[in-house]
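Visitor:
2 protein chains.
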Amino acid sequence: MVTRLSDVAARAGVSVKTVSNVINDYPHITSQTRAKVQAAIEELDYRPNVSARSLRKGRSDFIALAIPEMASPYFAELGAAISRAAKKRGITVLIDQTEGEAAAEKLVLDGMRGQLIDGIIFSPITTSPARIGETETAKPIVLLGERDAGGRLDRVAVDSVQASYDATTHLISLGRRRIAAIGVGGGAGTGSVRRKGYRKALKAAGIAHDPALELAGTGYHREDGAASMRELLALPEPPDAVFCFNDLLALGALRTLADAGLSVPDDVAVVGFDDIEDGRYHSPSLTTVAPDMEWLADHAVALLLDRIAGNGEAARRDLTVPHTLKIRESTGG
Amino acid sequence: MVTRLSDVAARAGVSVKTVSNVINDYPHITSQTRAKVQAAIEELDYRPNVSARSLRKGRSDFIALAIPEMASPYFAELGAAISRAAKKRGITVLIDQTEGEAAAEKLVLDGMRGQLIDGIIFSPITTSPARIGETETAKPIVLLGERDAGGRLDRVAVDSVQASYDATTHLISLGRRRIAAIGVGGGAGTGSVRRKGYRKALKAAGIAHDPALELAGTGYHREDGAASMRELLALPEPPDAVFCFNDLLALGALRTLADAGLSVPDDVAVVGFDDIEDGRYHSPSLTTVAPDMEWLADHAVALLLDRIAGNGEAARRDLTVPHTLKIRESTGG
DNA sequence: TGCGGTTTTTACAACGTTTACCGATTCTGG
DNA sequence: CCAGAATCGGTAAACGTTGTAAAAACCGCA
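In order, the protein sequence lines correspond to chains A and B. The numbering of the first sequence is full-length UniProt numbering, which starts it at 1 and goes up by one. The numbering of the second sequence is full-length UniProt numbering, which starts it at 1 and goes up by one.
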């Protein structure tokens, strides 16, 4: 039993357009008419047809969030936060798992889900910053993370260089000198930006950086962290501290350390990045860089909605998410 | 620059209808025409307008997945799996976070997102089974989890009684006798069904069940597991094994045990339920009941699509997800 | 009462797609 | 080479909503 606008109109004894006006808060309506219509809507339990509205208005109040994988704790928490932030503003989030595949990312970019989506919040992995900036998308995009798009797209990100500097400096302040880094990567992505902060901190403390202590690994999951840690332990001179570029890597590293019978933080101190819940409850609990996720979600959504609202020509904005270093047991906190 | 069906038609030199026919795989089209149209579609990078199509067809190829919270690992993995399963079939999943609130669940049920959604996969928390069955929804629903809807809705779930029986029996086979349960709950939900299997196993082994060892707690997160474990340790006669009704509870319990300086599994053996990734990498790694998530996702989606396709009158189906007990370090595996 | 001006309501035409209904074209066999 | 069948393509009318523009109702004031 589908209820249409015309059903409501018939019931309220007014025209279809008047009902539409009531729904869309058109100002000039007598409170009497409004009440009548509201009552009819209640009685019939009417809900506007999203498709029809979207077709007519050219707006759907849907946005997409494109992330590599929803099952990864950081992205799961991000998705939850963005959904909440969007819901507050009456809009719905559609989550797109790109699985880090270039093809899927491209599809997100130009496919745009058949014009249903009003805009995208995009957390790219494979697609190069340049390519993203290049793509002439019909709809606004807000970028998340370190990758820049040649300065052409709005972006919301942690100051990863500063955050990594903070994390590394914390390890140095504990008296550690052989500090490894797990997750360094080539290109302009997360891995290379965080390495920059890491090296900067070492340099500031007068510690020469040892390439043997910088491990790239193949990914950003626990297994990659575990494998990298095994490599580090096999070195003639193993590290006394490790800065992992995300929490999953750190949790993997902790597992390897536990297996090796090493004590954390006494033998090796460990710092992560992201502040996912697993790290907070892990034993030992994980010292980590904590971006303000609510802030991030809220501003990313607000930024996108502002563009959608038509501020297409406004200057590009680049927002920095506040972060703190949560010192916990894995560094003796 | 919006491309419409008519643009494609003009380019290919055919009528709008023909293009539509090609897109919808209408059988009687010369391969020549088809090729021409395909080419035009390629060249113009045409994508059908989802709103218009959905308005006309009454179908959107969107389904919703309603879960309590996306950030919880089990649900994050579930969301990922369902999304994948749906994408394989060319349909898109919209994730709804109900946050366990009755209001949100109700909204999902009758709001139905303004008729955009073709159906729902629903993992209810607060809404009572009866209420769900009652609701005369316009669109099909597939239920996930223990809660039954008075036998009126299709459902996909693990045989929780059997699985809990298996888990408890495993602990008994290790020689444990004071086996606690964390997460027991009233009503007809997860907590009570799993308790049933737990008690059954105790009974089968001739162990009297001790109410002091059954903790309800307030939720299903790490903190709840940690708190419950603290209660158990405060007992005059603490348990030598704990069966937690999900992995998060178990991870919380492990944290408390570590803080108390107790050894797992020597002092206390721990079993969880869900097989989330955190448990696999935890130290000690977590013995747990592992439902076949791919199977679950695939069948839930298939079931829903079958209903959507019009098999509304077919008999209700109740599918049992295969599960295995993964024996790991937390029980000496 | 009648008039300008203002407020409130209405009719009609889109938005881009698919479907029902036909008319046109091609193919087959005699 | 033609009748009839099979195949293919075109026209027009929906789907439910909102924007435009115009009509109707109302107001106060002369």
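Glycine residues also receive a C-beta, built at the ideal position from the N, C-alpha and C atoms. Bear in mind the structure is a predicted one, so any value in this text is a computation, not a measurement.
Leaving out five residues on either side along the sequence, give the residues of the same chain with a beta carbon under 8 Å from the beta carbon of R84 of chain A.
Guide: Counting only residues of its own chain and dropping the five nearest sequence neighbours on each side, R84 of chain A has a CB closer than 8 Å to the CB of A297.
Visitor: Among B:V14, B:R307, B:A76 and B:E329, which has the Cα closest to the Cα of D266 of chain B?
Guide: B:E329
Visitor: Once the 5 residues before and after T218 of chain B are set aside, which same chain residues still bring their CB inside 6 Å of it?
Guide: Only D224 meet the Cβ criterion.
Visitor: Based on DSSP bridge pairs, tell me the residues matched to D96 of chain B.
Guide: B:A66
Visitor: According to DSSP, simplified to helix, strand and coil, what is F75 of chain B?
Guide: helix
Visitor: Can the beta-carbon of V2 of chain A be found less than 8 Å from the beta-carbon of V37 of chain A?
Guide: no
Visitor: So the candidates are B:L213, B:Q32 and B:D154; which of them puts its Cα closest to the Cα of E231 of chain B?
Guide: B:L213
Visitor: What are the boundary residues of the beta strand (DSSP E) that D154 of chain A is part of?
Guide: D154 to V158
Visitor: Inspect the beta-carbon positions of I276 of chain B and P73 of chain B and report whether they are closer than 8 Å.
Guide: yes
Visitor: For A290 of chain B, report the span of its beta strand (DSSP E) as first-last.
Guide: T287 to P291
Visitor: Roughly how many angstroms lie between the CA atoms of residue 352 of chain B and L319 of chain A, to the nearest whole one?
Guide: Given that chain B is displayed from residue 1 to residue 333, the structure contains no residue 352 of chain B and the question cannot be resolved.
Visitor: Over the uninterrupted beta strand (DSSP E) stretch that includes V16 of chain B, give me the two end residues.
Guide: Counting along the chain, V16 of chain B falls outside any beta strand (DSSP E), though it belongs to the alpha helix (DSSP H) covering V16 to I23.
Visitor: Do you know how far the Cα of Q32 of chain B is from the Cα of T92 of chain A?
Guide: Here the C-alpha atom of T92 of chain A lies approximately 42 Å from the C-alpha atom of Q32 of chain B.
Visitor: Tell me the rounded alpha-carbon separation between residue 338 of chain B and I141 of chain A.
Guide: The requested residue 338 of chain B does not occur in the structure, where chain B is confined to residues 1 to 333.
Visitor: Applying the 10 Å Cβ sphere with the 16-neighbour rule, what's the burial state of L94 of chain B?
Guide: buried
Visitor: Compute the Euclidean distance between the alpha carbons of M70 of chain A and A216 of chain B, then round it to the nearest angstrom.
Guide: 30 Å
Visitor: What residue range does the beta strand (DSSP E) around I141 of chain B cover?
Guide: I141 to L144
Visitor: What residues of chain A sit near Q115 of chain B, judged by a beta carbon separation below 8 Å?
Guide: V2, R47, N49, V50 and S51
Visitor: Below 8 Å between beta carbons: does that hold for C244 of chain B and V268 of chain B?
Guide: no
Visitor: For E43 of chain A and L5 of chain A, what's the separation of their Cα atoms in angstroms?
Guide: Going by the C-alpha atoms only, they are around 13 Å apart.
Visitor: Is the distance from the Cβ of I182 of chain B to the Cβ of L171 of chain B below 8 Å?
Guide: No.
Visitor: Does any CB atom of chain B fall closer than 8 Å to the CB of Q32 of chain A?
Guide: no
Visitor: When you compare only the Cα positions, how much space is there between L248 of chain B and R155 of chain B?
Guide: 24 Å
Visitor: Using a Cβ-Cβ cut-off of less than 9 Å, list which residues of the segment 85-97 of chain B approach chain A; keep chain order.
Guide: Those would be K87, T92, V93, L94, I95, D96 and Q97, in chain order.
Visitor: Kindly indicate which residue of A:G119, A:L202 and A:P284 has the alpha-carbon position closest to the one of T169 of chain A.
Guide: A:L202
Visitor: What first and last residue would you give for the beta strand (DSSP E) that runs through D318 of chain A?
Guide: D318 to V321
Visitor: On the DSSP bridge assignment, give the partners of L325 of chain A in chain order.
Guide: A:V289
Visitor: Would A315 of chain A pass as a contact of L144 of chain A if the rule is Cβ separation under 8 Å?
Guide: no
Visitor: Per DSSP, A180 of chain A forms a beta bridge with which residues?
Guide: A:V242
Visitor: Mapping DSSP to helix, strand and coil, what is L257 of chain B?
Guide: helix
Visitor: Does any C-beta atom of chain B lie closer than 8 Å to the C-beta of R11 of chain A?
Guide: no
Visitor: Using a Cβ-Cβ cut-off of less than 8 Å, give me the residues of the segment 240-270 of chain B that come near chain A, in sequence order.
Guide: L251, G252, L254, R255, A258 and D259
Visitor: Return no unless some Cβ of chain A is closer than 8 Å to the Cβ of M229 of chain B.
Guide: Using beta-carbon distances, M229 of chain B does not count as an interface residue toward chain A, since no partner is under 8 Å.
Visitor: Compute the Euclidean distance between the alpha carbons of K200 of chain B and F75 of chain B, then round it to the nearest angstrom.
Guide: 28 Å
Visitor: To the nearest angstrom, report how far apart L233 of chain B and A250 of chain B are at their CA atoms.
Guide: Cα to Cα, the separation comes out at about 14 Å.
Visitor: Decide if P291 of chain B is buried, meaning its Cβ has at least 16 other Cβ atoms within 10 Å, or exposed.
Guide: buried
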